[in-house]
Amino acid sequence: MHEVSIMAEAVRMAVESAQAAGAGRITGLRLRVGALSGAVPDAMRFAWDVVSRDTIAAGARLEIEPVPAAGWCATCRAEFACADFFNECPRCHNVSGELRRGRELDIASVEMN
Ligand SMILES: [Zn+2]
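If you count the sequence shown from 1, you need to add 1468 to reach this note's numbering.
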């Protein structure tokens, strides 16, 4: 399961930033997850519980901020909502493979004390 390695990396990065800040405990983690990132939020929550166990992030609250996918039409010079990597612009019907948002898989914030 791909989400386990994603969350293991998220724990590693969160622990590193907590240590750099001199914090002893991670109480919350907020992730930005794009609709086309390939990561499944439910699987990420499950993986979080497993990989954070026995770390300073154990029991921390996980918040997942979904990022809807948006394509870019160079003809209309406009963004449009989409559900895949290649999409037809709803205005001019040209097919665009340019994605503006939706691939995010980032740590938005780490709460610690
Ligand atoms: Zn267009």
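Using N, Cα and C, we set each Cβ at its ideal position, and we do this for glycine too.
- Can H1470 be considered in contact with ligand 1, in the sense that its beta carbon sits closer than 8 Å to one or more heavy atoms? Distances taken from the Cβ of H1470 to the heavy atoms of ligand 1 include none shorter than 8 Å.
- Task: Measure how close the beta-carbons of V1479 and S1520 come, nearest whole angstrom, since I'm counting them as under 8 Å.
- Result: Your pair V1479 and S1520 checks out as a contact, with CB atoms roughly 5 Å apart and the cut at 8 Å.
- At a cut of 8 Å, does the segment 1495 to 1502 reach the segment 1530 to 1543 through at least three beta carbon pairs? Output reads yes: the segment 1530 to 1543 touches the segment 1495 to 1502.
- Straight-line Cα distance separating S1485 from N1562: Between N1562 and S1485, the C-alpha separation is close to 44 Å.
- Which residues in the same chain as M1481 place their Cβ atom closer than 7 Å to its Cβ, once the five residues preceding and following it in sequence are excluded? Closer than 7 Å at the Cβ level, and outside the excluded window around M1481, lie I1575.
- Item | A1476 versus R1568 - alpha carbon distance | If you take the alpha carbons of A1476 and R1568, they lie about 27 Å apart.
- Query: How is the alpha helix (DSSP H) around R1549 delimited, first residue to last?
  - Reply: Here residue 1549 turns out to be Ala, not Arg, going by the sequence shown. If you look at A1549, you'll find it isn't in any alpha helix (DSSP H); it sits in the beta strand (DSSP E) that goes 1546 to 1549.
- Message: With DSSP as the reference, identify every bridge partner of L1567, one or two as the case may be.
- Response: For L1567, the beta-bridge partners assigned by DSSP are G1539.
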